[in-house]
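Step one of this worksheet: look at the structure below.
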C-alpha cells in the first residue's frame, strides 16, 4: 500500500511564524520527505526610499528595517557612511555605541530564548525570559529615551551621553543579568526536556554551514569561529579584542544543533555583559559628535564622494550595508543592505528534509528569522550594466539552487 | 429506571458542564499566576463557549460533512455519559447499575476517537497529521490506563466504581498492595495530561506545529461542543482519580456527626476540593512546567516507563491481595 502523503503548509500565516514566509512540507506520517521554502511575501522598498532622502533621514529609516535589530542596521549604516565620507567618531561616542549595541544583543538573545521555548510549547519559560528581558529594555529606555527604535546614533557620533547616574544603573543591570544568565543556564541547558527537544534537531555540520554561507550564532554553533567584532574590529571592539563564542570552547565539541545554538546565545549574553563593563570602566572623555551641526554635516556629505561597506555583528549575524555617496547629493546614491536572515534561511531546506513535523517550529526558529530584514527592493544589473528582468533572475536563481542541491546531495 | 435516576441523569450533565467550565477557568487563572501573569477571570470559559455558540459554523469544502458535524456531538455525548458513571462524593453514580470502570475506559477513549475521526474527516492536512498523532498517542496511553483499571479489579474483585468508592482502597490493600496502588496512582497521574490532551502531551493539538491539529477546521457550535466535552472530561478525569484513590469522606476523617442536608453539602464541597487539588496537581502544574514532547518521545515514555510503573504496581497488588 502506498503511503499517504500530505502537504503541510507552514505560513505565510501560521502560529510558529510571526512574519510572512511559506514552508511547504510534504509529509509521510511524521516524516518530512520534501520541502520547499518560498519567500518574498513582504514588500517594503526601504532601500529605494532611502535613496530619495538625505543621509540623516535615511539613518533613521534604517532603524525601521528590523524591529529587534533596531541598532544593528544604523550601526552598519554609520560605520559605512563614516568610511565613505571620511569622518571619524570621537572615542567616547564609539564606546557609547558599543554599549548600546551590546545591550541590544542581550535583549535580542533573551527574546530568542523565549521564542524557541514557545515554539516547543514551553510557554512558562517564554513568560519567564521575557519578564527578565524587561530590565534591559528599561535600561535602553533610560539611555536613549526609547524602548524599541532608539534613534541615538548619528553619522560621526551619538546623540546622547551616558551620565554617571546612568552608568550606575547599567552596572546594576549587569549584576542582575549575571545572576539571570546563571539561572538561564540551569533552565535551558540542564533541563532534560529542553535537551530532548533540541539535541540533534536542526543539526548543521561545519561543512554544510560553510556551503550554505550561514552567519552569526548559527555559524558559531556549527563551530565556525566567525564574528565581525573579532574579524574586522571597529569602535570599542578594537580595544577589547572580542573572541567569538563557539561551543567547542565551552563543552569541547560543536554539533551545530538547536541545543548548541542555545548554548552560544546564552554565553554571548555573558560576553556582552563583559564588553559593557569594560566600556563603562574605560570610557574616554570628550565630545559626542564629530560634526555636531546637522546642516554642516549635510553640507559635508554633499561635497563628499566615496563608497564603503559598513559591517556590524548584529545579534542574528553580520549586517552589511553598502554605500555610495557623491553626485552632489546629501543622501546615499546607492544603499544596499544585506541582513543575516538572508543567509540563514538557506538552512531550512536541507535541515527540514528528513526531520519530523514537530521539528518544523524549532528549525524555523533556531536561526531567529526576520522576514522584514530580508525583503527590500533589489535592482540587479549584469556585467554590462543592463537590468536583469525578474524572469531571467528567477532562472539564474533556479540554476544556482540546483547546483547547490547537487553539491549538498539534497534531493535529486 | 426510577424517577430519582432520571432526575440525576438530567441534573448531573448540567452540573458537570458548569463545574468543568469553572475548573477550566481556575486552571487558566492558576496557570497564569504561576507564570507571573494575571490571567483571565474565572468566568472566561463561559464567555468563550457563549461566543463560539454565536459564531458561524464553517464546514470545509473537502470535508466529509456528516462525519465532520457528527463527531462533536459524539464527543459531547460521551463526556456527558461519562459523568453519569462517576459517584459524586457520597452520592451514588446515576448509572451505577448499568456499567463500571470498563465503560468509563471506553467512554474516555470514545472522545479522543471522535476528535481523531473528526480531524480525518475535515480534510485539512493539519487535522490529518493531528489525528494521526492522536491515534498513536491513544495506543500509547491506553495500556497503562487499562493496567490501572485491572489493578483495581484484582483488588476489589469487581469493576464497580460505587464499591470502590464506598471502601477506601488504602483500607482494603495490605502494605504490599498499598505500594502497588501508589504506583498505579503515579501511572494514572502521568496518563491524565495525555488523556486530556494537555501539555506536555498535547502533541495532537500542538499550536505552534500544526495549528491546533484536529480542531484546526472546527468553528462555531462544533468547536463549542468540543470545548465543553474537553472541560467536562478534565473534571471527570480528576473526579475519577479522587474516587479511585482518595474516597475518604470528611465525616469519617473528622469523626463528624452530620446528617441530612448539611451532610450532603459538606461532603459535596469536600469532594470538589479534592478534585480541585488533583486537577491543579495533575493538569495545571504539569502543563505549566513542561515543554511539549515529540510523538515518538511520548510513545516511549508511555510504552516503556509508565508501563513498567503500572505493571510493577499491578504485580504488587496481585501479590498483596
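Chains as they are written, first to last, in UniProt numbering: chain S, 1 to 412; chain F, 1 to 321. Cβ atoms here follow ideal geometry from the backbone N, Cα and C, with glycine treated the same way. The structure presented is a predicted model; accordingly, all values stated were derived computationally and were not measured.
Query: N- and C-terminal bounds of the alpha helix (DSSP H) containing residue 126 of chain F; Result: 125-156
Query: CB of residue 279 of chain F within 7 Å of CB of residue 23 of chain F, strictly; Result: yes
Query: CA nearest to the CA of residue 49 of chain F, picked from F:204, F:221, F:114 and F:207; Result: F:221
Query: Inter-stretch contact (C-beta, 8 Å, three-pair minimum) for the stretch 8-18 of chain S and the stretch 355-369 of chain S; Result: yes
Query: The stretch 121-131 of chain F / the stretch 199-219 of chain F touching (three or more Cβ pairs under 8 Å); Result: yes
Query: Which of helix, strand or coil DSSP assigns to residue 309 of chain S; Result: strand
Query: Within chain C, the residues that residue 129 of chain F reaches when beta carbons sit closer than 9 Å; Result: Absent here is chain C; the protein component of the structure consists of chains S and F.
Query: Neighbour list for residue 361 of chain S in chain F, Cβ cutoff strictly below 9 Å; Result: 206, 208 and 209
Query: Positions along the stretch 290-312 of chain F whose CB lies within less than 9 Å of some CB in chain S; Result: 290, 291, 292, 293, 294, 295, 296 and 297
Query: 8 Å Cβ cut-off: residues of chain F touching residue 202 of chain S; Result: Residues of chain F passing the Cβ test: none, with the nearest at roughly 13 Å.
Query: Contact list for residue 5 of chain F against chain S, beta-carbon separation under 8 Å; Result: Residues of chain S passing the Cβ test: none, with the nearest at roughly 43 Å.
Query: Whole-number beta carbon distance between residue 119 of chain S and residue 315 of chain S, since they are thought to touch under 8 Å; Result: Not confirmed; about 18 Å, so no contact.
Query: Reduced DSSP category for residue 241 of chain S - H, G, I as helix; E, B as strand; rest coil; Result: coil
Query: Secondary structure, alpha helix (DSSP H): runs of 4+ residues fully inside the stretch 208-236 of chain S; Result: 217-221 and 228-231
Query: At least three beta-carbon pairs within less than 8 Å, the stretch 136-152 of chain S to the stretch 306-315 of chain S; Result: no
Query: Beta carbon proximity, residue 40 of chain F to chain S, threshold 7 Å; Result: no
Query: Under 8 Å from the C-beta of residue 36 of chain F: neighbouring residues of chain S; Result: 127, 128 and 131
Query: Between the CA atoms of residue 187 of chain F and residue 76 of chain F - distance to the nearest angstrom; Result: 26 Å
Query: Chain F contact for residue 119 of chain S (CB, 7 Å cutoff); Result: yes
Query: Partner residues on chain F for residue 382 of chain S, Cβ-Cβ distance less than 8 Å; Result: The premise fails here: residue 382 of chain S is roughly 41 Å from chain F at the closest Cβ pair, so nothing lies under 8 Å.
Query: C-beta atoms of residue 8 of chain F and residue 125 of chain F nearer than 7 Å; Result: no
Query: Chain S within 7 Å of residue 125 of chain F, Cβ atoms only; Result: yes
Query: Element boundaries [beta strand (DSSP E), containing residue 97 of chain S]; Result: Element bounds for residue 97 of chain S: not the beta strand (DSSP E) but the alpha helix (DSSP H), 91-119.
Query: Boundaries of the beta strand (DSSP E) in which residue 22 of chain S is found, first to last residue; Result: 22-28
Query: Unbroken alpha helix (DSSP H) run spanning residue 39 of chain S, endpoints; Result: Run containing residue 39 of chain S: none; DSSP gives neither H nor E here.
Query: Rounded straight-line distance, which links the Cα of residue 408 of chain S to that of residue 214 of chain S; Result: 14 Å
Query: Contact list for residue 329 of chain F against chain S, beta-carbon separation under 7 Å; Result: Chain F is shown from 1 up to 321; residue 329 of chain F falls before or after that span and cannot be answered.
Query: Whole-number beta carbon distance between residue 217 of chain S and residue 268 of chain S, since they are thought to touch under 8 Å; Result: 7 Å
Query: 7 Å CB neighbourhood of residue 318 of chain F in its chain, flanking five on each side removed; Result: 154
Query: Cβ shell of residue 82 of chain S (< 7 Å), same chain only, five flanking positions each side left out; Result: 88, 89, 155 and 156
Query: C-beta neighbour in chain F for residue 193 of chain S, strict 7 Å; Result: yes
Query: Under 7 Å between C-beta atoms of residue 84 of chain S and residue 325 of chain S; Result: yes
Query: Residue from S:401, S:95, S:114 and S:64 whose Cα sits closest to the Cα of residue 346 of chain S; Result: S:401
Query: CB contact flag (residue 316 of chain F, residue 179 of chain F, <7 Å); Result: yes
Query: Contacting residues, own chain, Cβ-Cβ under 8 Å from residue 146 of chain F (five flanking each side not counted); Result: 105
Query: Test item: CB-CB of residue 115 of chain S and residue 352 of chain S under 7 Å; Result: no
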